[in-house]
Amino acid sequence: MIPLWLLAIFVFGVNFTLWGTAGLARALENRVRPPRPPRPSPVPRARPAHVHRSRVAVLMAAHNEEVVIGESLAAITRLVPASNVHVVSDGSTDRTVELALACGVNVTETPSNVGKAGALEEGVRHFSLATRFDAVLLLDADTRLDPDYFDAALPQFDDPDVVAVAGCAATDWSASRRGFLPFLFTAHRARIYALLQRLLKFGQTWHRTNATLIVPGFASLYRAEALPHIDINPPGLVIEDFNMTFEVYRKRLGKVGFSLKAIAVTQDPDAFRDYVRQTRRWALGFWQSVRRYRPRADLFSFMLGLYVLELVFASLFMALLPVMVVLLLLALIPGFLSVPVAGDVTLAIGHYVNLPTIAFGILVPDLLLTLAVVLTERRARYLLMAPLYLPLRCLDACVALWSLPQAWRDGSGRWQSPARRTTDIAATPDLATIGAGAGAGAGVGAGLGSGLAAAASAGSPADTGLAAGTALAADTGLAAGTSGTASTGLAAGTAGTGFAAGTSLGSSGSARSLPSPFPRDLLTQHNGSGPAHSNGSSRTVPSLPPTTSNPSPTSDTEPDWPPEWPPDPFSREKVG
Numbered sequence: 001m002i003p004l005w006l007l008a009i010f011v012f013g014v015n016f017t018l019w020g021t022a023g024l025a026r027a028l029e030n031r032v033r034p035p036r037p038p039r040p041s042p043v044p045r046a047r048p049a050h051v052h053r054s055r056v057a058v059l060m061a062a063h064n065e066e067v068v069i070g071e072s073l074a075a076i077t078r079l080v081p082a083s084n085v086h087v088v089s090d091g092s093t094d095r096t097v098e099l100a101l102a103c104g105v106n107v108t109e110t111p112s113n114v115g116k117a118g119a120l121e122e123g124v125r126h127f128s129l130a131t132r133f134d135a136v137l138l139l140d141a142d143t144r145l146d147p148d149y150f151d152a153a154l155p156q157f158d159d160p161d162v163v164a165v166a167g168c169a170a171t172d173w174s175a176s177r178r179g180f181l182p183f184l185f186t187a188h189r190a191r192i193y194a195l196l197q198r199l200l201k202f203g204q205t206w207h208r209t210n211a212t213l214i215v216p217g218f219a220s221l222y223r224a225e226a227l228p229h230i231d232i233n234p235p236g237l238v239i240e241d242f243n244m245t246f247e248v249y250r251k252r253l254g255k256v257g258f259s260l261k262a263i264a265v266t267q268d269p270d271a272f273r274d275y276v277r278q279t280r281r282w283a284l285g286f287w288q289s290v291r292r293y294r295p296r297a298d299l300f301s302f303m304l305g306l307y308v309l310e311l312v313f314a315s316l317f318m319a320l321l322p323v324m325v326v327l328l329l330l331a332l333i334p335g336f337l338s339v340p341v342a343g344d345v346t347l348a349i350g351h352y353v354n355l356p357t358i359a360f361g362i363l364v365p366d367l368l369l370t371l372a373v374v375l376t377e378r379r380a381r382y383l384l385m386a387p388l389y390l391p392l393r394c395l396d397a398c399v400a401l402w403s404l405p406q407a408w409r410d411g412s413g414r415w416q417s418p419a420r421r422t423t424d425i426a427a428t429p430d431l432a433t434i435g436a437g438a439g440a441g442a443g444v445g446a447g448l449g450s451g452l453a454a455a456a457s458a459g460s461p462a463d464t465g466l467a468a469g470t471a472l473a474a475d476t477g478l479a480a481g482t483s484g485t486a487s488t489g490l491a492a493g494t495a496g497t498g499f500a501a502g503t504s505l506g507s508s509g510s511a512r513s514l515p516s517p518f519p520r521d522l523l524t525q526h527n528g529s530g531p532a533h534s535n536g537s538s539r540t541v542p543s544l545p546p547t548t549s550n551p552s553p554t555s556d557t558e559p560d561w562p563p564e565w566p567p568d569p570f571s572r573e574k575v576g
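Read left to right, the sequence shown gives residues 1 to 576 (full-length UniProt numbering).
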């Protein structure tokens with residue numbers, strides 16, 4: 001029999017308990033104590049006391065992003081001057097370069113597809129960003145910043161110890177297609193973001209215990225002076241953001257800041273094939289960075305080792321969970337236990353777990369976490385898919401384990417972006433409300449953890465050392481097997497895995513043709529006289545075809561799911 005206290009640890013996870021507590025302490029400190037005075041910086045170069053947005057460079061690496069780059073550039077140039085925006089087209093064969101030039105931003109091209117990390121490295125070098133600016137924002141081509149992003153993120157640099165600021169990810173619901181599976185994948189990823197950023201990253205980036213796994217590359221800031229010390233593009237990595245974060249801690253460049261109000265909206269995959277590819281790519285990038293990292297006697301190495309151990313064991317359990325459930329259900333059939341091998345395996349499993357144990361130790365805590373997300377974000381639609389998040393976590397665990405041995409093979413940073421969709425900006429209200437309630441989110445998480453622990457102590461069947469709850473490290477691309485560990489980390493990579501080889505489920509039917517918010521006058525004002533290209537040539541920017549009207553999103557093959565689609569990720573609707 002597994003002790004109740006050990007079961008509670010398995011349910012919540014060591015990482016969840018540790019960093020959730022740190023996050024609660026951070027929230028309490030923010031309420032009762034004034035901001036701490038800046039301390040002297042250990043880095044030799046003097047750092048500015050305050051970074052103004054006029055001193056921020058935006059660097060966007062793009063590969064065949066014509067569908068979304070216009071919207072992203074239109075959004076970012078409303079926040080910073082176009083002269084501060086720099087685009088590196090990494091071997092694009094579509095209209096990415098033309099659309100970027102039409103916005104009046106700085107553009108350069110790589111002669112071939114060198115991967116995102118290579119494109120970022122080229123952008124820093126080509127535009128001399130490390131010497132011309134105080135900070136550099138790494139921005140994905142499918143990402144839009146909240147209007148208050150810089151107001152929340154830049155004050156983090158008032159602490160001279162901070163060299164990077166992680167953006168707070170929010171799912172772009174308005175870009176997701178209609179249908180059951182698109183809604184499921186979108187809701188699952190959004191739920192992970194909500195849980196892990198409030199209950200994991202918020203505590204990991206506290207100035208007293210600063211050790212986070214990732215500064216996600218979709219919308220995050222780095223001090224410009226730190227970039228020359230970071231190996232952005234080492235060989236054998238498929239993504240750059242894990243490695244860049246590891247470099248910050250390995251070279252002791254400083255700390256990572258994070259604000260729940262520094263919000264950036266990004267597109268997440270809404271089809272099975274795209275989801276598995278991206279998750280595998282994230283997991284592979286994590287394992288490759290772990291392989292490359294050399295541990296040392298510090299908090300980050302301890303945290304990383306603890307996380308890896310919990311991730312592996314949680315992923316193993318979550319990957320085997322469907323098999324155990326099926327065998328335990330078959331055991332209810334008279335005579336099944338007498339079947340050779342299958343009966344023996346089922347009896348062995350029954351010594352440690354049973355169906356009530358799985359229900360109370362895994363499913364119920366997972367449902368409670370979904371409820372916590374509903375309460376903190378005031379978005380009842382998460383409940384529509386509540387029973388199905390657990391199977392997706394099992395899928396995440398399988399892909400995480402599948403990618404582990406591949407990390408010890410040669411890799412590359414070639415692009416494998418999910419399918420992009422146009423965005424109905426008019427259907428996406430103000431982003432600011434998503435960041436409200438940082439302290440409340442931490443408090444809900446802490447209270448939830450205490451409640452679950454009490455429930456376990458009260459006598460939930462304790463025959464398991466299982467896990468449940470959250471998917472920690474969502475922004476790292478990892479989703480938890482146990483409430484405190486990530487069991488995914490799947491990613492894009494090639495489609496060679498068994499998961500990626502299948503057809504794209506739930507993608508039937510044409511995508512909605514939405515009116516683009518990209519300003520027409522901005523696109524046409526450079527017609528025939530586009531800005532000089534980085535290679536010295538001048539490119540003529542063709543005019544865009546007329547914007548089509550928005551057809552009815554319904555079709556004969558896809559159900560109208562869920563009602564009132566698309567759900568607004570930033571609404572503050574009442575639960576119920």
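Just so you know, even glycine gets a beta-carbon here, dropped at the ideal spot from N, CA and C.
Just so you know, these numbers come straight off a predicted model, no measurement behind them.
Exposed is the label assigned to Leu299, since fewer than 16 other Cβ atoms lie within 10 Å of its Cβ. Taking a cut-off of 8 angstroms for Cβ pairs, the stretch 169-176 and the stretch 249-267 touch, as three or more such pairs fall below it. For the alpha helix (DSSP H) assignment, the uninterrupted runs of no fewer than 4 residues enclosed by the stretch 110-137 are, from N- to C-terminal side, 116-126 and 129-132. Sixteen is the threshold: since fewer than 16 other Cβ atoms of the shown chains lie within 10 Å of the Cβ of Leu332, the residue is exposed.
Secondary structure of Gly350 (DSSP, three-state): helix. Taking the C-beta atoms as reference points, Ala359 is found no nearer than 7 angstroms to Ile232.
The DSSP-derived three-state label of Phe218 is coil. Following the DSSP letters along the chain, one finds Ile358 inside the alpha helix (DSSP H) bounded by residues Leu355 to Ile358. When DSSP states are grouped into helix, strand and coil, Lys255 belongs to the strand group. With a beta-carbon spacing of about 6 angstroms, Val105 and Leu73 fall inside the 8 angstroms limit used to define contacts. Taking the Cα of Thr77 as reference, the smallest distance to any Cα among Asp94, Ala100 and Ser89 is reached at Ala100. Ile239 carries a coil assignment under DSSP once its states are collapsed to helix, strand and coil. Secondary structure note for Thr171: its beta strand (DSSP E) is the uninterrupted segment Val162 to Thr171. For Ser176, there is no enclosing beta strand (DSSP E), as DSSP gives it neither H nor E.
Excluding sequence positions up to five before and after Cys398, its CB lies within less than 6 angstroms of the CB of Ala319, all in the same chain and listed in chain order. Boundaries of the alpha helix (DSSP H) around Val276: Phe272 to Arg292. Per DSSP, Val323 is one residue of the alpha helix (DSSP H) stretching across Leu299 to Leu330. Assignment of beta-bridge partners to Asp90 by DSSP yields Thr110.
In this structure, the alpha-carbon of Thr93 lies about 34 angstroms from that of Arg291. Residue pairing from DSSP places Leu59 in a beta bridge opposite His86 and Leu138. The beta carbons of Ser128 and Asp270 sit no closer together than 7 angstroms. Going by C-alpha positions, Leu28 is about 10 angstroms away from Ala22. With contacts defined as CB atoms closer than 7 angstroms, Ala166 and Val215 qualify as a contacting pair.
Take Ala224, set aside five residues on each side of it, and the residues of its chain with a beta-carbon closer than 8 angstroms to its own are Ala57, Leu129, Ala130, Thr131, Arg132, Phe133, Asp134, Ala135 and Val136, in chain order. Between the alpha carbons of Ser259 and Thr279 lies a gap of roughly 24 angstroms.
Only residues of its own chain outside the window of five on either side were considered, and among them Ala331, Gly343, Thr346 and Leu347 have a CB closer than 7 angstroms to the CB of Leu337, listed in chain order. With a cutoff of 7 angstroms on beta-carbon distance, Phe180 and Tyr275 are scored as not near each other.
Residue environment for Lys251: exposed (fewer than 16 other C-beta atoms within 10 angstroms of its C-beta). Residue environment analysis places Gly217 among the buried positions, since at least 16 neighbouring C-beta atoms fall within 10 angstroms of its C-beta. Judged by DSSP secondary structure, Ser72 falls within the alpha helix (DSSP H) whose first and last residues are Ile69 to Ile76. Between Gly115 and Tyr307, the alpha-carbon positions lie close to 28 angstroms from each other.
For Glu98, the closest of Ile69, Ala314 and Arg125 by C-alpha to C-alpha distance is Ile69.
Its chain contains Glu247, Lys251 and Leu253 as the residues whose beta carbon lies nearer than 8 angstroms to that of His229, once the 5 sequence neighbours on both sides are disregarded; these appear in chain order.
The criterion of a C-beta distance shorter than 7 angstroms is satisfied by Val88 and Ala119.
Taking Met385 as reference, the option from Phe183, Val341, Thr96 and Asp146 with the minimal CA-CA separation is Phe183.
Rounded to the nearest whole angstrom, the C-alpha separation of Ala407 and Leu284 is 6 angstroms.
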